[in-house]
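First residue of the sequence shown? That's 980 in the numbering used here, and the numbers climb one at a time after it. Ideal placement from N, C-alpha and C gives every residue a C-beta, glycine not left out. Just so it is clear, the structure is predicted and the values come from calculations on it, not from any experiment.
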Amino acid sequence: MTRRPGDTGITLIEMAISMFVMALFMTGAMTGILALYRTTNLTQSGSEAQQDLTVAFGRLDREVRYASAISAPGLVGADSYVEFLTTWSGTPTCTQLRLNRATGELQQRTWDQGGALPTPTGWARLASGVTADTPFTVDDVGSPKVYQQLALDMTIGAGGAANRATRGYRVAFTAQNSSSVDTRTTCAEGRALP
980 MTRRPGDTGI
990 TLIEMAISMF
1000 VMALFMTGAM
1010 TGILALYRTT
1020 NLTQSGSEAQ
1030 QDLTVAFGRL
1040 DREVRYASAI
1050 SAPGLVGADS
1060 YVEFLTTWSG
1070 TPTCTQLRLN
1080 RATGELQQRT
1090 WDQGGALPTP
1100 TGWARLASGV
1110 TADTPFTVDD
1120 VGSPKVYQQL
1130 ALDMTIGAGG
1140 AANRATRGYR
1150 VAFTAQNSSS
1160 VDTRTTCAEG
1170 RALP
């Protein structure tokens, strides 16, 4: 029996080879698409971490700039603390910063200074995913007038385990209303309170 020219078809081997080539192409395409998704998620996580810390630092910049005193940083348990005093509102107000190592949050609370026992507000989260060995440092800077400066040194991370993005930050805030007077214990009475 003779076959007509348009009736020939393909063999099983030709079919297997074409399927193998198609599988290779699809594997390469899927690998590229998955890498694109991972990169997008990592970039988005990094952007969220950056935004979280930018908002926190902007808020702290406005508050610390007008502080009249900054306490010496310290530890309570595993958590790092530092406090600063502001008087520009008319009522001396203590603001306490804490790096809660258990939750990885940079937190803040306030209370009016001068009472027998401070009554602080609840802890407000400024940033999450924060880690640091020594997050708070206080130095005296400037000449001829000496001001106090609060430096924050931390790493912030966002995203899940597969898409974890971390960024390191070191920023210093100068308290323009402060002086070189010994203020190591300013507002530190709040550290004893949960």
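Quick check on the DSSP output: what are the complete beta strand (DSSP E) runs of length 3 or more inside the segment 1020-1079, in order along the chain?
1046-1049, 1053-1055, 1058-1065 and 1072-1079
Rank 1123, 1119, 1077 and 1083 by C-alpha distance to the C-alpha of residue 1101 and give the top, closest one.
Here the question's residue 1101 lines up with position 122 in the sequence shown. Comparing C-alpha distances from residue 1101 to each of 1123, 1119, 1077 and 1083 shows the shortest one belongs to 1077.
Quickly, what does DSSP pair residue 1115 with across the bridge? List them, please.
The sequence position of residue 1115 within the sequence shown is 136, counting from 1. Answer is 1131, bridged to residue 1115.
Could you spell out where the beta strand (DSSP E) holding residue 1084 opens and where it closes?
Along the sequence shown, read from residue 1 onward, the residue named residue 1084 stands at position 105. Its beta strand (DSSP E) spans residues 1084-1091.
Residues in its own chain within less than 6 Å of residue 1040 by CB, not counting five upstream and five downstream?
For the purposes of this step, residue 1040 is taken as the residue at position 61 of the sequence shown. Excluding positions up to five away in sequence, the list reads 1152.
How big is the Cα-Cα spacing for residue 1259 and residue 1045?
There is no way to answer for residue 1259, as the model of the chain reaches only from 980 to 1173.
Determine the contact status of residue 1024 and residue 1165, defining contact as a CB-CB distance below 8 Å.
Numbered from its first residue, the sequence shown carries residue 1024 at position 45. Numbered from its first residue, the sequence shown carries residue 1165 at position 186. No, Cβ-Cβ distance for residue 1024 and residue 1165 is not below 8 Å.
Determine the DSSP secondary structure at residue 1150, reduced to helix, strand or coil.
In the sequence shown, the residue the question calls residue 1150 occupies position 171. Three-state result, residue 1150: strand.
Rounded to whole angstroms, how far is the Cβ of residue 1089 from the Cβ of residue 1074, which I believe are closer than 8 Å?
Here residue 1089 refers to the residue found at position 110 of the sequence shown. Here residue 1074 refers to the residue found at position 95 of the sequence shown. Approximately 5 Å separates the beta-carbon atoms of residue 1089 and residue 1074; this is inside 8 Å, confirming the contact.
Using the beta-carbon count (16 or more within 10 Å), is residue 1064 buried or exposed?
Counting from 1 along the sequence shown, the entry for residue 1064 is found at position 85. Under this definition residue 1064 is a buried residue.
By DSSP, does residue 1125 sit in helix, in strand, or in coil?
Stepping through the sequence shown from its first residue, residue 1125 is reached at position 146. Residue state, collapsed to three classes: coil.
Could you tell me which residues DSSP pairs with residue 1101 in its beta bridges?
Start at 1 with the first residue of the sequence shown, and residue 1101 comes out as number 122. Per DSSP, none; premise fails for residue 1101.
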